[in-house]
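A quick write-up on the structure given underneath.
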Amino acid sequence: RIITQTSRNFQIIESKPTTSTDSSINDCQNSKTIISKRIQGDLKIVKINKCNDAYLGATIRNDGDKVIIGRVVRGGLAEKSNLLREGDELIEVNGNDLRGKNITEVCNILKSISGELSLVIVPFDKSSDNFQMISSTQVRHFRALFDYDPEDDIYVPCKELALKFQRGDILHVINMNDENWWQAYHEGCKIENSLAGLIPSISFQRQ
1 RIITQTSRNF QIIESKPTTS TDSSINDCQN SKTIISKRIQ GDLKIVKINK CNDAYLGATI
61 RNDGDKVIIG RVVRGGLAEK SNLLREGDEL IEVNGNDLRG KNITEVCNIL KSISGELSLV
121 IVPFDKSSDN FQMISSTQVR HFRALFDYDP EDDIYVPCKE LALKFQRGDI LHVINMNDEN
181 WWQAYHEGCK IENSLAGLIP SISFQRQ
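Each residue of the sequence shown is one higher than the one before, counting from 1 in full-length UniProt numbering.
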């Protein structure tokens with residue numbers, strides 16, 4: 001490793017780019033059922049098994065009355081299923097109409113469900129210039145020059161999906177598509193079986 005650049009809060013460490021690989025749903029023992037089918041028009045139903053301590057691994061945002069998947073986090077059920085994408089609109093989950101609900105209400109509904117998740121979605125248009133896949137990603141390595149605790153951060157989009165770290169920690173950043181929040185792992189973490197965490201990007205820290 002060679003230190004090539006230093007910002008105020010992160011030290012960039014040069015390393016050969018690596019590529020992450022897809023892995024199957026394995027968060028819940030004996031729970032590997034994934035179903036996807038069209039039901040009418042643009043609507044699609046996606047069914048995924050979810051145990052109590054498993055994260056869907058996605059953040060959401062409101063666009064008017066719509067509930068939109070804002071980002072899909074590496075290692076979560078959403079990413080491993082390969083059926084949910086950033087930009088997909090969530091219409092319904094297990095019979096609960098999500099349209100018009102705010103982020104907190106939707107998160108509470110999702111947290112309360114274990115077992116089968118039955119999601120009715122309007123898929124994002126894959127032909128859009130903004131469509132991006134995260135299954136193949138260059139990994140970059142950073143040394144943190146500050147402590148970060150998501151519990152103290154009022155701007156983090158989802159505290160449960162954020163990554164806590166300390167000064168001196170080596171972070172492997174596997175997704176930088178979002179200009180404000182990157183996806184990363186701690187050094188030594190087994191990427192194949194772990195959920196990535198959100199960390200503030202260099203540009204976001206400067207704001």
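The beta-carbon is built from N, C-alpha and C at its ideal position, and this holds for glycine as well.
For residue i, count neighbouring C-beta atoms within 10 Å of its own C-beta (all shown protein chains included) and say buried if the count is 16 or more, exposed if not.
i           : result
Ser81       : buried
residue 269 : Residue 269 lies beyond the stretch modelled for the chain, which goes from 1 to 207, so this question has no answer here.
Gly100      : exposed
Gly57       : buried
Phe165      : buried
Glu86       : buried
Asn108      : exposed
Thr59       : buried
Quick check: is the beta carbon of residue i nearer than 8 Å to any beta carbon in chain C?
i     : result
Ile48 : Here chain C cannot be found, since the structure has a single protein chain.
Would you tell me roughly how many angstroms separate the C-alpha atoms of residue i and residue j, rounded to the nearest one?
i      : j      : result
Ile191 : Leu77  : 14 Å
Leu117 : Gln138 : 31 Å
Glu179 : Asn102 : 24 Å
Val106 : Leu98  : 7 Å
Lys50  : Ile154 : 28 Å
Leu145 : Gly75  : 26 Å
Ile121 : Ile68  : 9 Å
Thr104 : Asp65  : 14 Å
Pro157 : Tyr148 : 15 Å
For residue i, name the three-state secondary structure that DSSP assigns.
i           : result
Glu187      : coil
Pro157      : coil
Arg167      : coil
Asp27       : The predicted model places Asp27 with a pLDDT of 42, which falls under 50 and marks its position as unreliable, so this point remains unresolved.
Asp63       : strand
Glu151      : helix
Asn9        : coil
His172      : strand
Ile113      : coil
residue 276 : Absent from the structure is residue 276, since the part of the chain shown begins at 1 and ends at 207.
Ala196      : coil
Asn49       : strand
Could you spell out the range, first to last residue, of the alpha helix (DSSP H) harbouring residue i?
i      : result
Phe204 : Ile202 to Arg206
Within the segment 69 to 110, ranges of the beta strand (DSSP E) (whole runs, at least 3 residues): 89 to 93, all fully within the segment 69 to 110.
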